[in-house]
Amino acid sequence: MRYAISYVSTANKDLTDPEVTNIMKRTMKFNRNHDISGILLYNENNFFQLLEGEKQTVLELYKIISEDSRHYDIIKFLEKPIFNTPFDGYLTEFITDIKRCDESTLEKYQHYLKVLNPGSQKSMKRVLEVMMV
Numbered sequence: 001m002r003y004a005i006s007y008v009s010t011a012n013k014d015l016t017d018p019e020v021t022n023i024m025k026r027t028m029k030f031n032r033n034h035d036i037s038g039i040l041l042y043n044e045n046n047f048f049q050l051l052e053g054e055k056q057t058v059l060e061l062y063k064i065i066s067e068d069s070r071h072y073d074i075i076k077f078l079e080k081p082i083f084n085t086p087f088d089g090y091l092t093e094f095i096t097d098i099k100r101c102d103e104s105t106l107e108k109y110q111h112y113l114k115v116l117n118p119g120s121q122k123s124m125k126r127v128l129e130v131m132m133v
């Protein structure tokens, strides 16, 4: 069964920009190699992640993520089975004051939310807008 978990968290104050870039690269590689799809965003010292994959794999990965000392105040706001077509791969974005996202980039990420029910889509779209624009 395909499964999705989404959360936001606050990065440890000691986390540097190069470390965040490394997290993004390693996360993308790991998730692609383990058939995990979704989104990882970082903006203003906060992470947002949406994971989708086989239930056991997603649950095990979330357990590891929740124990990672590089972030805290983890708030899980979506956890549910996914019955629609899975996401198309995995995307990451490191957003800064200099590098903001335009409308087309936001739309690219919102495409990933189509596997969710309409109520979840609406909530997740709002989170994306706050994180990316």
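Just so we're aligned: 101 in the UniProt record's numbering is position 101 of the sequence shown, and the numbers increase by one with no gaps anywhere. Glycine residues also receive a C-beta, built at the ideal position from the N, C-alpha and C atoms.
For H34, the closest of N45, K55, L41 and F47 by C-alpha to C-alpha distance is K55. Going by beta carbons, P81 and Y3 fall inside the 7 Å limit. Annotation for I75: Y7, V8 and S9 place their beta carbon closer than 8 Å to its own, counting only its chain and skipping 5 residues before and after. Looking at Q49, K114 and E67, the one whose alpha-carbon comes closest to that of M28 is Q49. Residues of the same chain with a CB within less than 7 Å of the CB of L113, apart from the 5 flanking positions on each side, are Q121, M124 and K125 in chain order. By the Cβ neighbour-count rule, Y72 is exposed, with fewer than 16 other Cβ atoms within 10 Å of its own.
Inter-residue distance for N46 and A11 is about 6 Å (C-alpha atoms, whole angstroms). Counted as a single uninterrupted DSSP element, the alpha helix (DSSP H) harbouring N33 occupies residues D17 to N33.
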